[in-house]
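Visitor:
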Amino acid sequence: MKKIKFFLIPILILIILRIFFATEFGENIEHKAQDVLFMIRGTKKISNDIVIVDIGDDTFNALNEQWPFPRQYYVKLIKNLEKAGAKQIIFDIEFTEKSDIQSDEMLAETAAKYGNVIFAGKIINILKDNYIKQQILPPIEPIIQKGLNWGTVNISTDNDGFVRRYELFQKRGEKTKYSIGVLSFAFLHKNPYWKKEIHDNRRYFAVRDNSIPKVTYKSTLINYYGPAGTFKTYDFANVIDDSTFTLPELDLDIFDDYLEDQVFKNKIVLVGVAAIEFHDSHHTPFFIESKKLTTGVEIHANFIEMVLNRDYLKEFSYLKFFIIFLISAFVLFVLDANVKPTISILINFLLFCGNFILAFLLFKNKNIIIPILELPLLIIVIYIIGLIFQYIKTVQERIFIKKAFGHYIAPDLVNELIKDPKKLEYGGIQKEISILFCDICSFTTYTESHFPKETVSILREYLTAMVEVVQKNKGTIDKFVGDELIAIFGSPVELEDHAYWACKTALEMREKLSELKNKWESERKDPFNMGIGINSGMVTIGNLGSEQIFDYTAIGDNVNLGARLESLTREYETTNNIIISKKTFLLEKERLIANYIDSVKVKGKTETTEIYELIGLKKELSKEQSDIIKQTSLK
Numbered sequence: 051m052k053k054i055k056f057f058l059i060p061i062l063i064l065i066i067l068r069i070f071f072a073t074e075f076g077e078n079i080e081h082k083a084q085d086v087l088f089m090i091r092g093t094k095k096i097s098n099d100i101v102i103v104d105i106g107d108d109t110f111n112a113l114n115e116q117w118p119f120p121r122q123y124y125v126k127l128i129k130n131l132e133k134a135g136a137k138q139i140i141f142d143i144e145f146t147e148k149s150d151i152q153s154d155e156m157l158a159e160t161a162a163k164y165g166n167v168i169f170a171g172k173i174i175n176i177l178k179d180n181y182i183k184q185q186i187l188p189p190i191e192p193i194i195q196k197g198l199n200w201g202t203v204n205i206s207t208d209n210d211g212f213v214r215r216y217e218l219f220q221k222r223g224e225k226t227k228y229s230i231g232v233l234s235f236a237f238l239h240k241n242p243y244w245k246k247e248i249h250d251n252r253r254y255f256a257v258r259d260n261s262i263p264k265v266t267y268k269s270t271l272i273n274y275y276g277p278a279g280t281f282k283t284y285d286f287a288n289v290i291d292d293s294t295f296t297l298p299e300l301d302l303d304i305f306d307d308y309l310e311d312q313v314f315k316n317k318i319v320l321v322g323v324a325a326i327e328f329h330d331s332h333h334t335p336f337f338i339e340s341k342k343l344t345t346g347v348e349i350h351a352n353f354i355e356m357v358l359n360r361d362y363l364k365e366f367s368y369l370k371f372f373i374i375f376l377i378s379a380f381v382l383f384v385l386d387a388n389v390k391p392t393i394s395i396l397i398n399f400l401l402f403c404g405n406f407i408l409a410f411l412l413f414k415n416k417n418i419i420i421p422i423l424e425l426p427l428l429i430i431v432i433y434i435i436g437l438i439f440q441y442i443k444t445v446q447e448r449i450f451i452k453k454a455f456g457h458y459i460a461p462d463l464v465n466e467l468i469k470d471p472k473k474l475e476y477g478g479i480q481k482e483i484s485i486l487f488c489d490i491c492s493f494t495t496y497t498e499s500h501f502p503k504e505t506v507s508i509l510r511e512y513l514t515a516m517v518e519v520v521q522k523n524k525g526t527i528d529k530f531v532g533d534e535l536i537a538i539f540g541s542p543v544e545l546e547d548h549a550y551w552a553c554k555t556a557l558e559m560r561e562k563l564s565e566l567k568n569k570w571e572s573e574r575k576d577p578f579n580m581g582i583g584i585n586s587g588m589v590t591i592g593n594l595g596s597e598q599i600f601d602y603t604a605i606g607d608n609v610n611l612g613a614r615l616e617s618l619t620r621e622y623e624t625t626n627n628i629i630i631s632k633k634t635f636l637l638e639k640e641r642l643i644a645n646y647i648d649s650v651k652v653k654g655k656t657e658t659t660e661i662y663e664l665i666g667l668k669k670e671l672s673k674e675q676s677d678i679i680k681q682t683s684l685k
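Per this note's numbering, residue 51 is the first one in the sequence shown, and the count goes up by one each step.
(1) Taking the alpha-carbon positions, what's the Lys554 to Pro391 distance?
(2) Measuring CB atoms only, is the region 359 to 367 touching the region 413 to 432, in the sense that at least three cross pairs come out at less than 8 Å?
(3) Between the C-alpha atoms of Ile661 and Phe487, what's the straight-line distance to the nearest angstrom?
(4) Have a look at Ile678 and Leu642 and give me their C-alpha separation to the nearest angstrom.
(5) Using a Cβ-Cβ cut-off of 6 Å (strictly less than) and excluding sequence neighbours within five positions of Asn273, which residues of its own chain qualify?
(6) Tell me whether Ser572 is buried or exposed, calling it buried when 16 or more other Cβ atoms sit within 10 Å of its Cβ.
(7) Compare the Cα-Cα distances from Leu664 to each of Ala556, Asn352 and Thr603 and report the closest residue.
(8) Looking at Ile490: is its Cβ nearer than 8 Å to the Cβ of Met580?
(9) Is it a yes or a no for the region 99 to 115 touching the region 283 to 300, going by three-plus beta-carbon pairs under 8 Å?
(10) Which residue comes first and which comes last in the beta strand (DSSP E) that contains Leu271?
(11) For the structure I just gave you, are there three or more beta carbon pairs, one from the region 64 to 80 and one from the region 399 to 416, closer than 8 Å?
(12) What are the boundary residues of the beta strand (DSSP E) that Glu147 is part of?
(13) How about Asp99 and Lys317: are their beta carbons less than 8 Å apart?
(14) Kindly list the residues whose CB is nearer than 7 Å to the CB of Lys567, restricted to its own chain and excluding five residues on each side of it in sequence; keep chain order.
(15) Give me the Cα-Cα distance between Gly346 and Ile168, rounded to the nearest whole angstrom.
(16) Among residues of its own chain, excluding the 5 on either side of Ile90, which ones have a beta-carbon nearer than 7 Å to its beta-carbon?
(17) Should Pro277 be labelled buried (16 or more other beta-carbon atoms within 10 Å of its own) or exposed?
(18) Mind reading off the beta-carbon distance from Asn608 to Gly583? Whole number of angstroms is fine, and I expect it under 8 Å.
(19) From which residue to which residue does the alpha helix (DSSP H) around Asp292 run?
(20) Could you tell me how far apart the beta carbons of Ser234 and Ile354 are, in whole angstroms, since I believe they sit closer than 8 Å?
(21) Who pairs with Ser484 in a beta bridge, going by DSSP?
(22) Whose CA, out of Ile538, Glu511 and Tyr512, lies closest to the CA of Asn523?
(23) Mind checking Thr266: buried by the 16 CB within 10 Å criterion, or exposed?
(24) What are the boundary residues of the alpha helix (DSSP H) that Phe399 is part of?
(25) Let me confirm a value: Gly666 is counted as buried when at least 16 other C-beta atoms fall within 10 Å, else exposed. Which label applies?
(26) Looking at C-alpha atoms only, which residue of Ser378, Leu385, Phe493 and Leu309 is the closest neighbour of Leu428?
(27) Taking all protein chains shown into account, do 16 or more other C-beta atoms lie within 10 angstroms of the C-beta of Phe383, making it buried, or fewer, making it exposed?
(28) Does DSSP put Asn251 in a helix, a strand or coil?
(29) Count the other CB atoms, across all protein chains shown, that sit within 10 Å of the CB of Val531; report buried if there are 16 or more and exposed otherwise.
(30) How about the region 317 to 327 and the region 133 to 142: do they share at least three Cβ pairs that are nearer than 8 Å?
(31) Any idea if Leu64 is buried or exposed, counting beta-carbon neighbours within 10 angstroms, 16 or more meaning buried?
(32) Does the pairing of the region 179 to 188 with the region 210 to 217 give three or more beta-carbon distances under 8 Å?
(33) State the Cα-Cα distance for the pair Tyr622 and Gly478, rounded to the nearest angstrom.
(34) Starting from the Cα of Phe337, find the closest Cα among Gln312, Ile508 and Tyr275 and give me that residue.
(35) Which first and last residues belong to the beta strand (DSSP E) in which Trp200 is found?
(36) My output table needs one value for Ile102: the three-state DSSP class, helix, strand or coil.
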């Protein structure tokens, strides 16, 4: 179940984030983040192959004319630009409304004469019979009759009203009308059969060997070169103001200066409207910083510049991103749920910052756009979920520790284990401890001569009292084996003077048993005696149970020796029935009072082991008692 959880949760998070970023709000904030890349990168160097002639407020003031302007103005514009050596003239002005026949014919004839003029049209949606239908708005009839070139100028916006994509073409039924930007590039090759060189598939729109990556079936991302005003712009009135044309207010024949300076020579000239009342000004990524709207004609200029330079923006393969995203989700989930919070914060912070740095470097150096906010949001969500899992894990560990040790060790030791649960991880370690074995003497005989209920009652009272003594002295109950009690000192919580605490516990257990004996005698219950053995040394200790059952215990020769010492209390007559090993005595000889008893050979060992009778603790004996003991067989 745990393995399934580690697979399902990251996948579930991934699905939720994908759904979120597919919503309008999610798309908008991702687009805003990508817009920031343009601002950080700043303005890119342009080729100077493109210039703009705009009709703005200054134009209206200079000409003192109402819209629409007379066709003669555009005829004059075309002638002057041709005289100035313009490579191409592209109108982002829709000549869809008829003027007088003579003027319309003159405009079409002038454009036909030079052959490098592209006019504008649109495909619009209209509501008819409760259905939305598309309708073509072509230029005026003389332009169509003369077979002059015209392209669409449709501009599409994202949900937030920003223009980030360029419409390559428009379709109405089987008919395809290409944009003025596509026509501009196609006609630069001067191939009358340019349409045969167009190849369109799901991923690319190609003209000859120039492949434009698509983001929708008919659009590409615009690699904006800068904010509004990036391209060199000239006022419409100034371009038609030559020696043969008189401006009503201030006639300076400015075009003659343009002609002399060759400002239009070999240039692609786009003609559009900049006046705000024409509603052809748009939000682009640079608006956030510059606060300037970009005109439609400038958007077309950015596209043409991008195509000429083959400087396309490419979206990172979503399949690759999904794989990276999925792997990141798994790795982050495992890390956040298992490593320390400080390490987790550091890793997440580095990934968080690294994502933005990588996104900018790919954008600046490779023109690749990757999702910017999805990975950081994934990091945040998984980090929060990781914290929740760590909290749940901590609570579970605390509950487990309290259940596993609450009845066996003192509450303060339980709290220490809660602070550092790693001490209870599966597996054993080599560690020096002291281990105490306490067993009731002749308990089998005792049980045979008493009723089970009486035996259980007195055994429960006895073991409860002994456990209290062990816990009070920083010991851990290893296990109960029938009437035998085994206690560990020095693990799982560190205890430098473990031998001292084991011996102190044994002495207090003797005192407690004496109190119980007096109580039992007053209750007319038969008392019993006990033997205690203590050994100190290196053991293998830890969680040595199975995967299903936790068992914190110690194993090894020194454990076996402790058990053997307890059994020797039946063979040797001692005052307290407490036998300790030489190692235990030497560890705390400055604080222990003990008598040497014998050297014994333990089963399975060839060398002998010195054993001692524990008398007491030096600080608890009077001076006279200590002197008497020292004069005896103390070694």
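In this text, a Cβ means the ideal position worked out from N, Cα and C, and glycines have one as well.
Guide: Judging by the given coordinates:
(1) In the sequence shown, the residue the question calls residue 554 occupies position 504. In the sequence shown, the residue the question calls residue 391 occupies position 341. Distance between the alpha carbons of Lys554 and Pro391: 41 Å.
(2) Result yes; three or more Cβ-Cβ pairs closer than 8 Å.
(3) The residue labelled residue 661 in the question sits at position 611 within the sequence shown. The residue labelled residue 487 in the question sits at position 437 within the sequence shown. Spanning the two alpha carbons is a distance of roughly 15 Å.
(4) Working through the sequence shown from its first residue, we reach residue 678 at position 628. Working through the sequence shown from its first residue, we reach residue 642 at position 592. Caution applies to Ile678, whose pLDDT of 48 falls short of 50 and renders its modelled position unreliable; the value that the coordinates give is listed next. Ile678 and Leu642: Cα-Cα distance of roughly 15 Å.
(5) Along the sequence shown, read from residue 1 onward, the residue named residue 273 stands at position 223. Excluding sequence neighbours, Asn273 sits near Met356, Asp361 and Leu363.
(6) Here residue 572 refers to the residue found at position 522 of the sequence shown. Burial call: exposed.
(7) Start at 1 with the first residue of the sequence shown, and residue 664 comes out as number 614. Checked all of Ala556, Asn352 and Thr603; the closest Cα to Leu664 is Ala556.
(8) Reading the sequence shown from its first residue, position 440 is the one you call residue 490. Reading the sequence shown from its first residue, position 530 is the one you call residue 580. Closer than 8 Å, so yes.
(9) yes
(10) Your numbering for residue 271 matches position 221 in the sequence shown. Looking at the DSSP string, the run of the beta strand (DSSP E) that includes Leu271 is Ser269 to Leu271.
(11) no
(12) Looking up residue 147 in the sequence shown gives position 97. Premise fails: Glu147 is in no beta strand (DSSP E) and is neither H nor E.
(13) Sequence index remark: in the sequence shown, residue 99 carries index 49 (1-based). Sequence index remark: in the sequence shown, residue 317 carries index 267 (1-based). Yes. Within cutoff.
(14) Start at 1 with the first residue of the sequence shown, and residue 567 comes out as number 517. Pro577.
(15) Reading the sequence shown from its first residue, position 296 is the one you call residue 346. Reading the sequence shown from its first residue, position 118 is the one you call residue 168. Cα to Cα, Gly346 sits roughly 16 Å from Ile168.
(16) As a working mapping, residue 90 is identified with position 40 in the sequence shown. Cβ within range, chain order: Phe410.
(17) Within the sequence shown, numbered from 1, the residue matching residue 277 stands at position 227. Pro277 comes out buried.
(18) Within the sequence shown, the letter at position 558 stands for residue 608. Within the sequence shown, the letter at position 533 stands for residue 583. That pair is no contact at about 12 Å.
(19) By 1-based counting over the sequence shown, the position of residue 292 is 242. From DSSP, Asp292 is part of no alpha helix (DSSP H); its letter is neither H nor E.
(20) To locate residue 234, count along the sequence shown from 1; it is residue 184. To locate residue 354, count along the sequence shown from 1; it is residue 304. The beta-carbon distance between Ser234 and Ile354, rounded to whole angstroms, is 5 Å. This is short enough to meet the 8 Å contact definition.
(21) Position 434 of the sequence shown, counted from the start, is the residue given in the question as residue 484. Paired residues: Phe539 and Ser586.
(22) Here residue 523 corresponds to residue number 473 of the sequence shown, with the count starting at 1. That would be Ile538, whose Cα lies nearest to the Cα of Asn523.
(23) Within the sequence shown, residue 266 is the residue found at index 216, counting from 1. Exposed, since its Cβ has fewer than 16 Cβ neighbours within 10 Å.
(24) Working through the sequence shown from its first residue, we reach residue 399 at position 349. Note, Phe399: alpha helix (DSSP H), Pro391 to Lys416.
(25) Translated into positions along the sequence shown, residue 666 becomes position 616. Classification for Gly666: buried.
(26) Within the sequence shown, the letter at position 378 stands for residue 428. For the residues Ser378, Leu385, Phe493 and Leu309, the minimum Cα distance to Leu428 belongs to Ser378.
(27) The count along the sequence shown starts at 1 and reaches residue 383 at position 333. When all chains shown are included, Phe383 counts as buried.
(28) Taking the sequence shown and counting its residues from 1, the one referred to as residue 251 is at position 201. Coil at Asn251, not helix or strand.
(29) As a position in the sequence shown, residue 531 is number 481, starting the count at 1. Classification for Val531: exposed.
(30) yes
(31) One-based indexing of the sequence shown puts residue 64 at position 14. Buried: at least 16 other Cβ atoms inside 10 Å.
(32) no
(33) As a working mapping, residue 622 is identified with position 572 in the sequence shown. As a working mapping, residue 478 is identified with position 428 in the sequence shown. Computed Cα separation, rounded: 35 Å.
(34) Position 287 of the sequence shown, counting from 1, holds the residue named residue 337. Among Gln312, Ile508 and Tyr275, the Cα nearest to that of Phe337 is on Tyr275.
(35) Indexing the sequence shown from 1 puts residue 200 at position 150. Run containing Trp200: Asn199 to Thr202, per the beta strand (DSSP E) assignment.
(36) For this step, residue 102 is matched to residue 52 along the sequence shown. Note: Ile102 maps to strand in three-state DSSP.
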